[in-house]
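Last residue of the sequence shown: number 1605 in the working numbering, and the count goes up by one each step with no gaps.
Read the structure below first, then the notes.
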Amino acid sequence: TEPQPAGRPRPDDAGSAARRVVTQIVLISVALGPVVGVVWWLVAPEVSVGVRDGQPVLIPAEARNLFGVDVSFAAVGAAAGLLLGAVMCTRYREHPTALLAGLVLGGVVGSLVAWQVGSTLGPGPLGERTGGAADGVTLAIPLDLEASAVPLFCPIGAVAAAFVLGAALTPRLPPRHRTHGDAVSPG
């Protein structure tokens, strides 16, 4: 192997540093997933259904709460993503590609963990509870997402925070000053 100039990392060192950054961000995201799931479970509106002839029937006034469940997950996920992106950007700013890859991958995986944790904490499956329920009884439905794209709010928030902070923390180059010799004559 050829000796590398002082201060320049060898290509294999740069690759292992990038893998380390991505791995650390993903692990932190996975560790934060349960926290996000618990917060979602706490803030999500409860959606109730009525029981008619042993079958669950959505109460019309409750339909808007289905949307509220998705919105609450999106808001909690986006807030977690913004926080994660800001912290990771200040820590791994010198590895921008690995930072963004870690935020996207970690944000998606962390969101999926949060979704599962929140769903597990919510009410159990309806089938087990509607079988012996009398007509007119209301039951809370399991906490779940209706829109499959909602878990993407976390990585979108994380990448947005990294872009904004990256732009704010990047030193600005001074503007070029024109001299008379640089002027272009019309003509």
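Heads up, the beta-carbon is just placed ideally off N, CA and C, and yes, glycines get one too.
Since the model is a prediction, treat every value here as computed from it, not as a measurement.
- Of the candidates 1450, 1577 and 1467, 1467 places its Cα closest to the Cα of residue 1547.
- Around residue 1529, the same chain offers 1495, 1569 and 1572 as residues with beta carbons nearer than 6 Å, after the five sequence neighbours per side are excluded.
- Between residue 1490 and the set 1433, 1449, 1445 and 1564, the nearest pair of CA atoms involves 1564.
- Membership of residue 1539 in the alpha helix (DSSP H) is indicated by the continuous run 1514 to 1539.
- In the structure shown, residue 1463 adopts coil according to DSSP, grouped into three states.
- For residue 1473, DSSP records a beta bridge to 1470.
- Around the beta carbon of residue 1540, 16 or more other beta carbons lie within 10 angstroms, which makes this residue buried.
- Comparing alpha-carbon positions, the option among 1514, 1543 and 1583 lying closest to residue 1437 turns out to be 1514.
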